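Residue 462 is where the sequence shown ends in this note's numbering, and the numbering goes up by one at each step. A virtual CB, placed ideally from N, CA and C, is assigned to each residue, including glycine. Everything numeric in this text was worked out from a predicted model, so none of it was measured. Below you'll find the structure, written out as structure tokens, and then a few comments.
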Amino acid sequence: MSNQKLSPLSRIQGTLTFEGDKSISHRAVMFASLAEGTSVIENLSVSHDVQSTINIFRALGVDAKQQGNTLTVKSNGFKNFSEPKGQLDSGNSGTTARLMSGILSHLPFQTTIFGDASLSMRPMKRVINPIREMGAIIEVNEAGTLPMTYKPSASMHAMTYELPVPSAQVKSAVLLGGLFHDEKTCVIESEQTRNHTEILLNLETLLVDGKAHIFSSSKNFPVSQNYFIPGDISSSTFFIILALLLKDSELLIKNVSLNPTRTAALTLLQQMGGDITVQDVRISSNEQYGDILVKSSSLHNVEIPKSIMPNIIDEIPALAIAGMMAEGEFKLNNAAELRVKESDRIAAVVTNLKHLGLHVDEYQDGFSFTGKQDITNTAPVFESYDDHRIAMAFSLAAFLMKDGAEITNFDCIRISNPNFLNQIKELSK
Ligand code: S3P
């Protein structure tokens with residue numbers, strides 16, 4: 034739980050590749066574990082979150098061996114999962130806890146899943162409600178927070194569910210539950226969220242009255258296969274923004290995910306005047322990926338439309354730092370979901386920006402401020418709130434400050450990118 038002092042940077046230059054995207058990695062581990070046979074996952078995420086998913090399947094009897102970034106999964110299939118000796122630890126990972134509910138509810142034995150202090154405060158009713166509608170027997174406290182116990186249920190069934198919140202985790206939990214039934218389960222989504230579950234499982238999607246209807250059934254049950262996971266676009270966004278903001282910088286990021294449900298932050302940064310070029314788009318396991326070339330740029334703030342909110346939700350803390358260094362007003366609304374992430378990311382960003390002496394307005398669903406304000410506190414200690422994306426976003430602010438800055442409990446970055454500081458070091462040599 035130590036603070037990290039970060040020194041200012043004058044420029045970054047070079048080429049980077051990122052370990053596999055966290056969201057795609059979680060799903061590849063889940064699908065490889067459910068399938069009977071051997072699957073090899075290359076360029077797996079090195080994040081602690083994905084380790085939580087791997088360890089849960091190990092506890093269910095799956096043989097998963099990791100060598101560097103390659104994970105070899107040997108599974109006897111879902112039907113032969115064994116009863117775990119203890120409770121299942123989801124760590125800090127909301128994706129693990131929520132997606133697993135579609136799977137754990139279909140097991141013939143009881144399981145309990147728990148999480149760390151931060152995850153234990155995050156809302157789980159959003160998956161409890163639909164999975165109970167699917168017939169699940171779930172024991173949980175009144176507040177609907179972890180731990181949750183799944184009891185075997187003889188009455189699980191397919192269902193149709195319209196998402197009340199735009200959430201890829203809830204969508205995926207229900208669609209995963211649908212894999213265990215011959216009848217089709219349908220999830221109705223009115224705002225597009227990341228679609229890795231649909232893509233990797235080849236799910237049918239129909240557009241009806243402007244809403245996506247996504248179907249899963251036993252026909253889509255995963256079979257063993259090999260995966261190559263494109264680099265993590267969310268981890269790369271911090272570096273893209275840093276290259277834009279530092280003078281004389283040029284950065285090439287190779288083999289990074291370019292799934293269109295994840296690239297709205299890139300488009301927004303281009304609209305802000307960012308010199309960002311996407312090159313050589315390719316496809317692996319149905320997922321688009323390619324290379325991104327970024328050069329230093331002067332930025333101006335632009336309107337952030339509601340429709341892209343689910344697409345940029347993980348990038349907002351980093352985008353706020355871009356906004357702080359850009360001309361004009363940065364205004365964010367329609368982002369109340371940020372209050373229930375690994376920390377209350379609205380409060381976290383606002384408090385840290387105010388800590389620099391900036392004038393910031395906070396709303397229930399966002400915040401606004403004028404870019405390029407004078408910074409009056411030149412030796413700040415930023416609070417990470419034990420949240421990896423807050424720690425990395427305010428690292429960017431630290432690298433831009435005349436005397437650098439300190440970040441509290443910096444270790445939390447391992448949740449998504451343990452290599453963050455090594456990568457910065459390589460690029461700033
Ligand atoms: C994720 C979905 C998003 C995102 C999270 C990862 C996923 O959460 O913020 O980091 O892998 O499905 P929500 O589904 O809560 O929006």
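Asked                                                                                                                                                       : Found
Could you tell me the boundaries of the beta strand (DSSP E) in which H246 lies?                                                                            : K244 to S249
G177 to K38, Cα distance in whole Å?                                                                                                                        : 38 Å
Taking 8 Å as the cut-off, does the segment 320–329 touch the segment 283–300 (at least 3 CB pairs, one atom from each stretch)?                            : yes
For the beta strand (DSSP E) that contains R91, what are its first and last residues?                                                                       : Here R91 belongs to no beta strand (DSSP E); instead the alpha helix (DSSP H) covers H81 to A92.
Are G70 and S40 close, meaning C-beta to C-beta below 8 Å?                                                                                                  : no
Quick one: Cα of S267 to Cα of A97, how far?                                                                                                                : 26 Å
What are the residues that DSSP puts in a beta bridge with Q321?                                                                                            : I316
What's the C-alpha gap between G390 and V73?                                                                                                                : 50 Å
Say yes only if the C-beta of H81 is nearer than 7 Å to one or more non-hydrogen atoms of ligand 1, and no if none qualify.                                 : no
May I ask you to verify whether the segment 366–377 touches the segment 406–415, counting CB pairs closer than 8 Å and requiring at least 3?                : no
On a Cα-Cα basis, can you pick out the residue from I440, V83, T129 and H388 that is closest to S417?                                                       : I440
Rounded to a whole number of angstroms, what is the C-alpha to C-alpha distance between I341 and I232?                                                      : 19 Å
Which runs of the beta strand (DSSP E), 3 residues or longer, sit entirely within the segment 378–411?                                                      : 393–396 and 399–403
Does the separation of the CB atoms of I446 and A424 fall below 8 Å?                                                                                        : yes
Against chain B, does T270 count as a neighbour if the rule is that its beta carbon must be under 8 Å from one of theirs?                                   : This model lacks chain B altogether; it includes just one protein chain.
Where does I316 land, buried or exposed, given buried means 16+ other C-beta within 10 angstroms?                                                           : exposed
Is E320 buried or exposed, if buried means 16 or more other CB atoms sit within 10 Å of its CB?                                                             : buried
Across the segment 207–222 and the segment 238–250, are there enough close Cβ pairs to call them in contact, namely three or more that are closer than 8 Å? : yes
Under 8 Å by Cβ, that's how I've got A187 and G211 pegged, so tell me the actual separation to the nearest angstrom.                                        : Not a contact, Cβ separation roughly 18 Å.
By how many angstroms is the C-alpha of G264 removed from the C-alpha of P343?                                                                              : 20 Å
Is I346 close to ligand 1? I mean its beta-carbon at under 7 Å from any heavy atom of the ligand.                                                           : yes
Can you list the beta strand (DSSP E) stretches of 3 or more residues lying completely in the segment 108–152, in chain order?                              : 144–147
With a Cβ-Cβ cutoff of 8 Å, do P28 and L234 count as a contact?                                                                                             : Here the chain covers residues 34 to 462 and nothing more, so residue 28 does not appear.
Quick check on I274: does DSSP put it in helix, strand or coil?                                                                                             : helix
Pick out whichever of P293, L278, K339 and A368 has its Cα sitting closest to the Cα of R44.                                                                : L278
Does the distance from the C-beta atom of H333 to that of A355 stay below 8 Å?                                                                              : no
Let me check you understand the geometry: is the CB of V220 closer than 7 Å to at least one non-hydrogen atom of ligand 1?                                  : no
If you follow the beta strand (DSSP E) that S188 is in, where does it begin and where does it stop?                                                         : Counting along the chain, S188 falls outside any beta strand (DSSP E), and DSSP gives it neither H nor E.
Report the partner residues of G8 according to the DSSP bridge assignment.                                                                                  : An answer regarding residue 8 cannot be provided, because it is not within the stretch 34 to 462 covered by the chain.
Within a Cβ cutoff of 6 Å, which residues of the same chain sit near A431, ignoring the five residues on either side of it in sequence?                     : L39, G437 and A438
Within this structure, are the beta carbons of I346 and L365 separated by less than 8 Å?                                                                    : no
At what residues does the alpha helix (DSSP H) containing Q202 begin and finish?                                                                            : A201 to G211
List the DSSP bridge partners of I45.                                                                                                                       : I45 pairs with nothing; no bridge assigned.
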